[in-house]
Amino acid sequence: GAAPRADRQCPACGELALDVESHRELLLNLAKRRILDQLRLSQRPTLGRPVSRAALRAALQRLRGPPQGPLPEADGGQEYDIISFAETGLCNTTQTRLDFHFSSDSSAGGLEVQQARLMFFVQLPPNTSCTLKVRVLELSPRDTNLTSATQHLLEVDDSGWHQLRLGPEAQTACSLGHLALELAPEGQAAWSPVILAGAAHRPFVAARVRVGGRHRVRRR
Amino acid sequence: GVDCQGRSRMCCRQEFFVDFREIGWHDWIIQPEGYAMNFCAGYCPLHVAGMPGIAASFHTSVLSLLQASTAAGSTGGGSCCVPTVRRPLSLLYYDRDSNIVKTDIPDMVVEACGCS
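Top to bottom, those sequences are chains Z and P.
For the first sequence, our numbering gives the first residue as -5, with consecutive numbering after it.
For the second sequence, our numbering gives the first residue as 317, with consecutive numbering after it.
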């Protein structure tokens, strides 16, 4: 076709390489746009609640643990690993309430949570153990919580980090953007285990999420 | 592939590094410190068309010239300088709920260029 106009030379098809310095602003904006588009973000996030370096380091160290088993085959879409730190709500002696928020920035295609596990730090008196009950709270439309039938029991026999693989109800709650959990000791323990929530021991959920994949139709 | 040097005219890879601190994104992108948004630019004469990088051997160039002259009548379109090797960009960042997100964005970094 006609030779492209000089001010719209496409550097790829045979013109002089772009003079980088005189186009710096253009290239920086292009890079920003490209990264935001690939992350399905309309603009860069403004951080609501800053995360302490100690919590970041502790979470990343925990995630380096053994891989969590094979994932369903990738059927397109972008995969993300998300660490969501708890907002600790009711923290009284017998119950601990943990709320996690998953922003649905990447609204295109919706979040498909493939795996989710809860990581939390328990302080126990020496030579004791307990059974912890973890309940997934179902949120009714008005966001008042109803305890659901879903609960997990977890044997805890020493202080330290513990993890619990969460089931489909919790994964669905993550996909919908808000997961609420309640931890309480099972039975009448003489004392109650303490779920730590300080900077370096903040409970978190680690989720493997896919966005924009073609949801497989399960054939019966 | 070949990296562009000075006023290079042939198809080459132009390096361009975006420092996240320079654009004020270092507060929400934890790792890496920047993004190598390299791109391809330069001439692609017909006799090097189809070369993976243009570091073609002399022999290949002669053969290609012969092909080009015998096919001179062909009305094929121009050959363009395009990426031939690309790799993903791994990002660790905060989302708007201050969750930490890790993802690998495929084909974001151009490693080599060549003539289509």
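Quick reminder that beta carbons are idealized off the backbone N, C-alpha and C, glycines included.
In this text, all values refer to a predicted model and were calculated from it rather than measured experimentally.
- Message: Against chain Z, does Arg402 (chain P) count as a neighbour if the rule is that its beta carbon must be under 8 Å from one of theirs?
- Response: no
- Neighbouring residues, chain P, relative to Glu73 (chain Z) (Cβ below 9 Å): Thr419, Asp420
- CA-CA distance, Trp401 (chain P) and Ile421 (chain P)? Contrary to the premise, residue 401 (chain P) reads as Val rather than Trp in this sequence. C-alpha separation (whole angstroms): 15 Å.
- Using a Cβ-Cβ distance under 8 Å, would Asp343 (chain P) count as near chain Z? yes
- Just reading off the alpha helix (DSSP H) that Glu19 (chain Z) is part of, what are its end residues? 18 to 32
- Query: Does the separation of the CB atoms of Leu92 (chain Z) and Leu35 (chain Z) fall below 8 Å?
  - Reply: no
- Query: So which residues on chain Z does Arg412 (chain P) lean against when the C-beta distance must stay under 7 Å?
  - Reply: Pro39, Thr40, Gly42, Ser97, Asp99
- Message: For a test of the three-state rule: what should DSSP assign to Gly103 (chain Z), helix, strand or coil?
- Response: Confidence at Gly103 (chain Z) is low in this model, with a pLDDT of 48, below 50, so the placement of that residue is unreliable and no value is reported for it.
- Name the chain P residues whose beta carbon is nearer than 8 Å to that of Val14 (chain Z)? Gln330, Phe332
- How would you label Asn415 (chain P), buried or exposed, when you count the other beta carbons within 10 angstroms and need 16 or more for buried? buried
- Query: Terminal residues of the continuous beta strand (DSSP E) containing Leu175 (chain Z)?
  - Reply: 172 to 179
- Query: Along chain Z, which residues have their Cβ under 8 Å away from the Cβ of Asn415 (chain P)?
  - Reply: Ile76, Ile77, Ser78, Phe79, His95, Phe96, Ser97
- Query: When the Cα atoms are used, what is the spatial distance from Glu106 (chain Z) to Gln32 (chain Z)?
  - Reply: 17 Å
- Query: How would you write the range of the alpha helix (DSSP H) that Pro162 (chain Z) sits in, first residue to last?
  - Reply: 162 to 169
- Query: Name the residues in the stretch 155 to 177 of chain Z whose C-beta lies less than 7 Å from a C-beta of chain P; which are they?
  - Reply: none
- Message: By alpha-carbon positions, which one of P:Val364, P:Ser406, P:Ser385 ends up nearest to Cys429 (chain P)?
- Response: Nearest of P:Val364, P:Ser406, P:Ser385 to Cys429 (chain P), Cα basis: P:Val364.
- Message: Is the beta carbon of Glu163 (chain Z) closer than 8 Å to that of Val130 (chain Z)?
- Response: yes
- Query: How many Å lie between Arg159 (chain Z) and Leu408 (chain P) at the Cα?
  - Reply: In a straight line, the C-alpha of Arg159 (chain Z) is about 23 Å away from that of Leu408 (chain P).
- Return helix, strand or coil for Glu338 (chain P), following the three-state DSSP convention. coil
- With 8 Å set as the bound, which would you pick, yes or no: does the beta-carbon of Ala52 (chain Z) sit closer than that to a beta-carbon of chain P? no
- CB contact check: Ala193 (chain Z) to chain P, cutoff 8 Å: No, its Cβ sits nowhere closer than 8 Å to a Cβ of chain P.
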